[in-house]
Amino acid sequence: MFSKLLYPLLVLVTADFAVSSAQGEATSVDSNKAPIFYKPVHTVRLADDSISPRAAALDFSASQWIWTNEVSVPGGTAPVGTRAFRKDFTAPLGKTPVQADIIITVDNGLTMFVNGAEVGTGGNFTVAERFCFPLQPCLNVFAVTATNAGGPAGILATILITYTDGTTSTIVSDTTWRYFLTVPDGYEQLSYDDNSWTPAVAEGPYGVAPWGQISIPSSAPALALSDVSWIWTSEVVNGAAPAGARAFRKTYTPPTGHTATLAKIIITADNEYTLYVNGVLVGSGSTWPVAQTYTVDLSPASNVVFAVYAVNAAGPAGLLAAIEITLSECSCSSGVIVYTDAGWKSYIGTPYGFQLAGYDDSSWPTATVEGPEGMPPWGSITVSSSSGPVTAVSGAPAGQKNETAV
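Number 292 in the UniProt record's numbering belongs to position 292 of the sequence shown; there are no gaps in the numbering.
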């Protein structure tokens, strides 16, 4: 759907340059108002209202919530712990499977495997994870390490299989899946024998209480601030933090065999911010009650690094962001949702080069979670379809530089 370069290039931006507007048209930007920097060539799509799926639409309409026999009533309380689930799949006679497009969620957390390879994880059951993975010609195994942190427990999954002739079939979570009450070594491998495992217990169809509706990546409701936390450094005391600029970073590593192709970002900060993706300046904002929206085409890379230069003018301070990352493998797409949470890194100050993809933040402390979106003093944040200016706030780095580029 969106074009991308197969290899990252470096260019020197010294004159007018163009970005894509909300309508997809090229918009000239005066070089006197734009930073001068070298950058990997990719497109920043400003104010794009949605990310369109590039695969057949997937939903949970035919899927069942399933768990072990430890659940006495559908949706009831299950013991805390981790369980193993498997689903074997053999293609019909005359059919050769090519790929699996997967949407899955687990109350409370999951690690997903296909034919022994880990394809991704998830920890927010209100938002499905989406993965895409190539398949073997004959037998294939989908395996899930599922963890319940207390209360209700369940797995919900839909898997779209695409064959070489272009036809498709669907696997859903139901009683044909098998489970084990511990996680045996190697259970995710094709060669593992699960004949002694127990058929899963169906708890009810999609939409049943207590889970209700689940957001699916690459559908309009997926990206929002409703499940996002305000974060800052550890300096916050009684709701206030010192004035000054602080650095934040989040590194996302795609599963083996996947490439991150697109990132949609909703972001705001009290009082202002400049956002970078893999060292490239994406945009800035200075009106914290209104979050800005960006869509960024990504050049192929082993990691995607989101870095934020955030400034507090004294008093309350916070950073709030939701990011949907689209992954491409085979001809289908998958996606993950990244929120501001304790998985981000923070630094009291703004070290030189912190916005660059190769910067080492291993010694940085984790960010401090202040509370959910909607908490005082900020209240509910308005999400604008517009992006911020493609310039840095005062004091922020202009963008990635490479003195050897030509």
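Note that CB positions come from ideal geometry on N, CA and C, so glycine has one too. In this text, all values refer to a predicted model and were calculated from it rather than measured experimentally.
Close Cβ partners of residue i (< 6 Å) along its chain, the five nearest in sequence each way excluded
i, result
"K87", "F142, W177"
"I289", "Checking the displayed sequence, the identity of residue 289 turns out to be Pro instead of Ile. Closer than 6 Å at Cβ, skipping near neighbours: no residue."
"T105", "F125, A128, L156, I214"
"V390", "G283"
"F113", "A143, E188"
"V119", "M112, F131, F133, P255"
"W364", "K345, Y347"
Contact belief for residue i with residue j at Cβ below 8 Å, rounded distance in angstroms
i, j, result
"residue 407", "A247", "The chain is shown only over 1 to 406; residue 407 falls outside these bounds and no answer can be derived."
"P74", "G207", "Contact doesn't hold; Cβ gap of about 12 Å is too wide."
"T268", "L327", "With 8 Å as the limit, T268 and L327 do not qualify as a contact, their Cβ atoms being about 26 Å apart."
"N312", "A202", "Not a contact, Cβ separation roughly 50 Å."
"L135", "G122", "21 Å between Cβ atoms; not a contact."
"I103", "I216", "6 Å"
"Y179", "T82", "Not really, about 11 Å apart at Cβ, beyond 8 Å."
Near the ligand ZN: residue i beta-carbon under 8 Å from a heavy atom
i, result
"I266", "Among the components of this structure there are no ligands whatsoever, and the ligand ZN is therefore not found."
Collapsed DSSP secondary structure at residue i in the structure displayed
i, result
"V208", "coil"
"P365", "coil"
"I216", "coil"
"D270", "strand"
"T253", "coil"
"H258", "coil"
"T198", "strand"
"F60", "coil"
Close Cβ partners of residue i (< 8 Å) along its chain, the five nearest in sequence each way excluded
i, result
"V80", "N148, A149, G150"
"Y192", "R86, V141, P184, G186"
"S63", "L156, A157, T158, V172, S173, D174, P205, Y206"
Spatial neighbours of residue i in its chain, beta-carbon cut-off 7 Å, leaving aside the 5 residues before and after
i, result
"I325", "Y252, A260, A263, V304, G335, V336, V338"
"P35", "Note that P35 scores 30 on pLDDT, short of 50, meaning its location in the model is unreliable and no value can be drawn from it."
"S384", "V290, A291, Q292, T293"
"A240", "G315, P316"
is_contact[residue i, chain B] using C-beta, thresh 9 Å
i, result
"L223", "No chain B appears in the structure shown, which is made up of a single protein chain."
contact_flag[the region 222-235, the region 162-178] where n(CB pairs < 8 Å) is 3 or more:
Fewer than three beta-carbon pairs drawn from the region 222-235 and the region 162-178 are found closer than 8 Å, and the two stretches are therefore not classed as touching.
Practice task
For the region 134-154 and the region 81-93, state whether three or more C-beta atom pairs, one from each stretch, are separated by less than 8 Å.
Solution key: yes
Discussion item. Going residue by residue through the region 136-191, where are the continuous beta strand (DSSP E) segments of at least 3 residues, counting only ones entirely within it?
Written reply: Fully enclosed beta strand (DSSP E) runs of 3 or longer: 139-148, 154-163, 168-172, 178-180.
I'd like to know if the region 157-164 and the region 94-103 are in contact, where contact means that at least 3 CB-CB pairs between them fall below 8 Å. yes
3 or more residues per run - each beta strand (DSSP E) lying fully within the region 290-359
290-297, 304-312, 318-329, 332-339, 345-347
Using 8 Å as the cut-off, can you tell me whether the region 266-283 makes contact with the region 382-398, which would need three or more C-beta pairs spanning the two stretches below that distance? yes
Whether or not the region 277-288 and the region 301-309 are in contact is what I'm after, with contact meaning three or more pairs of Cβ atoms, one per stretch, closer than 8 Å; do they touch? yes
Those runs of the beta strand (DSSP E) which lie wholly inside the region 75-131 and span at least 3 residues:
81-90, 97-107, 109-114, 117-122
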